[in-house]
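**Student:**
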Amino acid sequence: MKSNFLYNLIGIFACFGIVMSSCTFLDPDRYFEDFFPEDSIFHSKSNAEGYLWHTPTHFPDPSAIWGGSWNPGELASDEMTVLWESGEFPGISFTKGTITERNLPSSFLSTWYQMYTVIRRCNLMIANIDKVQDMNTREKQEYLGYVHFMRGYAYYHLLQNFGPCLILGDEVIPNNLPSEDYDRERATYDESVDYIVKEFEEASRFMPSPVSQSSVLYARPTKGAALALIARLRLYQASPLFNGGDAARRVFGDWTRASDGVHYVNQTYDPNRWAIAAAAAKQVINIGYYELHTVDFDAQEPNPWPIPENVSKEPFPMGAGGIDPYRSYSDMFTGESLVQNNKEFIWAQPSGQVSGYTRHSFPVYYGGWGGMSVPQRVVDAYLMMDGKTIDTASQEYPYDSDVTQTMGQAKEMGPVTLKADVPKMYGNREVRFYASIGFPGRYWKMNSASDGAYMNKQFWFSNDDNSGKTGAGNNVNDYTISGYVPTKYIHDDDSWANGKGQVKGAFVVPKPFPIIRYAEVLLEYIEALNNVEGTYTASVMSADGERVETPITRDVNEMKKYFNMIRYRVGLPGPDDALYSDPEEMRKVIMNERQIELFNEGYRYFDTRRWGTYLTDDANPSNWFGLNTKKDRQQSSANTGFWELVPIDSKNIRDRIATPKQVLLPLPHNELMKTPKMAQNPGYER
1 MKSNFLYNLI GIFACFGIVM SSCTFLDPDR YFEDFFPEDS IFHSKSNAEG
51 YLWHTPTHFP DPSAIWGGSW NPGELASDEM TVLWESGEFP GISFTKGTIT
101 ERNLPSSFLS TWYQMYTVIR RCNLMIANID KVQDMNTREK QEYLGYVHFM
151 RGYAYYHLLQ NFGPCLILGD EVIPNNLPSE DYDRERATYD ESVDYIVKEF
201 EEASRFMPSP VSQSSVLYAR PTKGAALALI ARLRLYQASP LFNGGDAARR
251 VFGDWTRASD GVHYVNQTYD PNRWAIAAAA AKQVINIGYY ELHTVDFDAQ
301 EPNPWPIPEN VSKEPFPMGA GGIDPYRSYS DMFTGESLVQ NNKEFIWAQP
351 SGQVSGYTRH SFPVYYGGWG GMSVPQRVVD AYLMMDGKTI DTASQEYPYD
401 SDVTQTMGQA KEMGPVTLKA DVPKMYGNRE VRFYASIGFP GRYWKMNSAS
451 DGAYMNKQFW FSNDDNSGKT GAGNNVNDYT ISGYVPTKYI HDDDSWANGK
501 GQVKGAFVVP KPFPIIRYAE VLLEYIEALN NVEGTYTASV MSADGERVET
551 PITRDVNEMK KYFNMIRYRV GLPGPDDALY SDPEEMRKVI MNERQIELFN
601 EGYRYFDTRR WGTYLTDDAN PSNWFGLNTK KDRQQSSANT GFWELVPIDS
651 KNIRDRIATP KQVLLPLPHN ELMKTPKMAQ NPGYER
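The sequence shown lines up with residues 1 to 686 when you count with the working numbering.
#1: Taking the Cβ atom as the reference point for each residue, do Val-570 and Pro-325 lie within a distance shorter than 7 Å?
#2: In angstroms, rounded to a whole number, what distance separates the CA positions of Tyr-146 and Phe-59?
#3: Can you tell which of Glu-430, Val-431, Gln-409 has its C-alpha closest to the C-alpha of Pro-422?
#4: Quick check: what's the CA-CA separation for Asn-342 versus Met-318?
#5: Tell me which residues share the same chain as Ser-361 and place their Cβ nearer than 8 Å to its Cβ, disregarding the 5 neighbours each side in the sequence.
#6: For Ile-648, which of helix, strand or coil comes out of DSSP?
#7: DSSP three-state label for Phe-439, please.
#8: If you compare alpha carbons, which of Pro-676, Phe-42, Pro-682 is closest to Ser-259?
#9: Exposed or buried, which one is Lys-504 when buried takes at least 16 other CB atoms within 10 Å?
#10: Output needed for Asn-564: all residues of its chain with C-beta closer than 6 Å, excluding positions within five of it in sequence on either side, in chain order.
#11: Kindly indicate which three-state DSSP category Leu-418 falls into: helix, strand or coil?
#12: What would DSSP say about Ile-287, mapped onto helix, strand or coil?
#13: Measure the beta-carbon distance from Tyr-290 to Tyr-568 and round it to whole angstroms, keeping in mind my assumption that it falls under 8 Å.
#14: Short of 6 Å in beta carbon distance, which residues of its chain neighbour Pro-62, apart from the five on each side in sequence? Order them along the chain.
#15: Counting only runs that start and end within the stretch 207-284, where is the beta strand (DSSP E) found for 3 or more residues in a row?
#16: Determine the closest residue to Glu-38 out of Ala-127, Leu-166, Thr-98, with distance taken between C-alpha atoms.
#17: Given Ala-638, which residues of its chain have a CB within under 8 Å of its CB, disregarding the five upstream and five downstream residues?
#18: Report the option in Tyr-366, Phe-433, Val-416, Glu-79 whose CA atom is closest to the CA atom of Asp-386.
#19: Three Cβ pairs or more, each shorter than 8 Å: is that satisfied between the stretch 95-102 and the stretch 147-160?
#20: Grouping DSSP H, G and I as helix and E and B as strand, with all else coil, what is Lys-469?
#21: So, using beta-carbon positions, are Leu-75 and Gly-87 closer together than 7 Å?
#22: For the stretch 576-622, which segments carrying the alpha helix (DSSP H) assignment without a break, of at least 4 residues, lie completely within its bounds, in sequence order?
#23: Would you identify the three-state DSSP class for Tyr-146, choosing helix, strand or coil?
#24: Is it a yes or a no for the stretch 239-250 touching the stretch 536-552, going by three-plus beta-carbon pairs under 8 Å?
#25: Is it right to say Met-446 is buried, meaning 16 or more other beta carbons lie within 10 angstroms of its own, or is it exposed?
#26: Using a Cβ-Cβ cutoff of less than 8 Å, which residues in the same chain neighbour Arg-184 once the five nearest sequence positions on both sides are dropped?
#27: Considering just the uninterrupted stretch of the beta strand (DSSP E) at Arg-569, what are its terminal residues?
#28: List, from N- to C-terminal side, the alpha helix (DSSP H) runs of 4 residues or more that fit wholly inside the stretch 306-356.
#29: Which residue comes first and which comes last in the alpha helix (DSSP H) that contains Lys-45?
#30: Given that a residue counts as buried once 16 or more other Cβ atoms are within 10 Å of its Cβ, and exposed if not, what is Thr-358?
#31: Would you list the residues sitting across from Ala-538 in a DSSP beta bridge?
#32: Could you pull out every residue in the same chain whose Cβ sits closer than 7 Å to the Cβ of Phe-32, ignoring the five residues on either side in sequence?
#33: Using DSSP with H/G/I as helix, E/B as strand and the rest coil, what is Ala-638?
#34: Where do the N-terminal and C-terminal ends of the alpha helix (DSSP H) with Gly-626 fall, by residue?
#35: When you compare each of Thr-111, Thr-188, Ser-462, Lys-140 to His-157 by their alpha carbons, which one comes out closest?
#36: At the level of alpha carbons, what is the spacing between Val-416 and Phe-345?
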């Protein structure tokens, strides 16, 4: 049999022994299988639509960012680690450099193969949609809008994971050609981005707007999602790794296409790309539908969230007036707010992955698997309550780096309870810290446990505590090695203690996963504007489906408007005015804001790579400190024990490396052997 790369890509995916966790965001018709006869697909509107809505089952679950992940994910970022070394967590193997072109994990391989399955299906639909006799012109246009979105989204996954794409255009590849007919070169990174952007632009012309989308179909993407993905791609394309920065030269400097000698990744800095990215993000803003999620202030709340004096009390979005900052942020992730009513979610879906992986933050003693570990660096990134950093903390909201010093008195701030014995380090912090980080002494309500032994507990994560190593018993890797766990998606009612003691009926509130949310787009707009030099007129697609010429400058008032909005939502002031006059200092502020605002949503892995900071910081031992969880909390004054900040003592951290080749996954060896013209990614073997 003539086996070749593209034949494998378009074959039935079961041939590879890979079972995808199908994605439900497009309400697929599961009665349509891959073996549905192609000559019957376009006989009727119902058949054609069934084929269309089955296609998304080939996409990876976008919320799979921890275990079984479609990309290296959260555990390959510098946001968290675990002690586990199982195949469930391929990101850990990736950070240790053990993933090669010959042993790609099944979840990575599945993305590679199935995205080309999606592409072939889309090409088939584009080629044959006119054969559907009982579908009118408007219906065909909307149908093709979704098809172009899916095709662009498939290439987007390939680009994010594997870099420059092999682009097939509209070609429907038969599977009986000689292998040389499939042998072709890859597009460059820029050619790939431009192609994907055109797909999303074409999609946006005919996909429904967020206003017209039925609430029943809330999990389907709209033209807002298409435009937001364009903005994300343009921002990445403008970033140092892909735009002639030091990282681009270090990682891709010698990587050229054989046929014409063109660099696969741009080696010459183009400042105008930032303007294009800003203009693309502004088109999402101009839709006028999306807004940051807020929850109204409750006048009956006995201990409302305290708004510092330096924060405007004008009604949101001109200030923090009239809203509950904690619930405005936290309720988006815990399941408290409904996905279909949340205008911050440009594209989101219910997620069993998110619900299931909250269990990895709960200690074993309380029914969890307790191994997700957040380093001290992330804890330190969060701001103080008045917007200052821990290094510039004010006297009114002081910071104490001595973890042995406690608050001395309890504090209630809305749903947040701080006991008197909580270290001062964790007091006076901003909303997003309390919503996102499980720190020692945090109060866990676990309301659904119904048994006092498993409700309303402080977790310390020290060796001697039920929440620490001792409480894990024989589960030797099921505890946090840093003393911190992620809590962003955990609701006060959540409990995994069902069946322990007298606990019956404990449950976890269903969670959403934000594939794209409005705060991300605003941060993209701010970052892009901050890097604009002079004035550049960018040509971009508007929400009306028309190309618009948009003059872009480094508009400080625009940056302030949207940055302040993000900060006011969580009860903080905007950045100091003086920072805006220095693009380099402002860049640091923006990078830190993305770390905080988008923590544990799957962005960090890609951000540190596009910025190039991954190459120097990701495996730096100074970034991987935590509390000494192998020691007890109660020790003599001569030995701080648990309360000592130490390097995280984990093989997964000791073996961690950061090499240039790890900005991309390798292409599979078996496929490259059949296509000599297709280049491997730098640093990997064919």
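From the three backbone atoms N, C-alpha and C, an ideal C-beta is built for every residue, glycine too.
**Tutor:** So, from the listed chains and residues:
#1: It is a contact, given that the beta carbons lie within the stated cut-off.
#2: 14 Å
#3: This sequence places Val at residue 422; Pro is not what is there. Answer by Cα proximity: Gln-409.
#4: Their backbone Cα atoms lie some 20 Å apart in a straight line.
#5: Gly-368, Gly-370, Met-372, Gly-438, Val-485, Pro-486, Thr-487, Ile-490
#6: coil
#7: coil
#8: Pro-676
#9: exposed
#10: Gly-574
#11: strand
#12: coil
#13: Incorrect: roughly 16 Å between the Cβ atoms, too far for contact.
#14: Ile-515
#15: none
#16: Ala-127
#17: Any reading at Ala-638 needs caution, since the residue's pLDDT is 49, under 50, leaving its predicted position unreliable; the model's value is listed next. Answer for Ala-638: no residue qualifies.
#18: Phe-433
#19: no
#20: coil
#21: no
#22: 583-597, 604-611, 614-617
#23: helix
#24: no
#25: buried
#26: Leu-166, Thr-675, Lys-677, Met-678
#27: Where Arg-569 is concerned, there is no enclosing beta strand (DSSP E), although the alpha helix (DSSP H) it sits in stretches over 556-569.
#28: Entirely contained in the stretch 306-356, the alpha helix (DSSP H) runs reaching 4 residues are, in chain order, 325-334.
#29: 45-54
#30: buried
#31: Beta-bridge pairing links Ala-538 to Thr-550.
#32: Residue placement at Phe-32 is flagged as unreliable, the pLDDT there being 48, under the threshold of 50; a coordinate-derived value is accordingly withheld.
#33: Its pLDDT being 49, under 50, Ala-638 is placed unreliably by the model, and the measurement read from it follows with that caveat. In the structure shown, Ala-638 sits in coil (DSSP, three-state: anything other than H, G, I, E or B).
#34: Looking at the DSSP string, Gly-626 is not in any alpha helix (DSSP H); the run it does join, the beta strand (DSSP E), is 625-627.
#35: Ranking Thr-111, Thr-188, Ser-462, Lys-140 by CA distance to the CA of His-157 puts Thr-111 first.
#36: 25 Å
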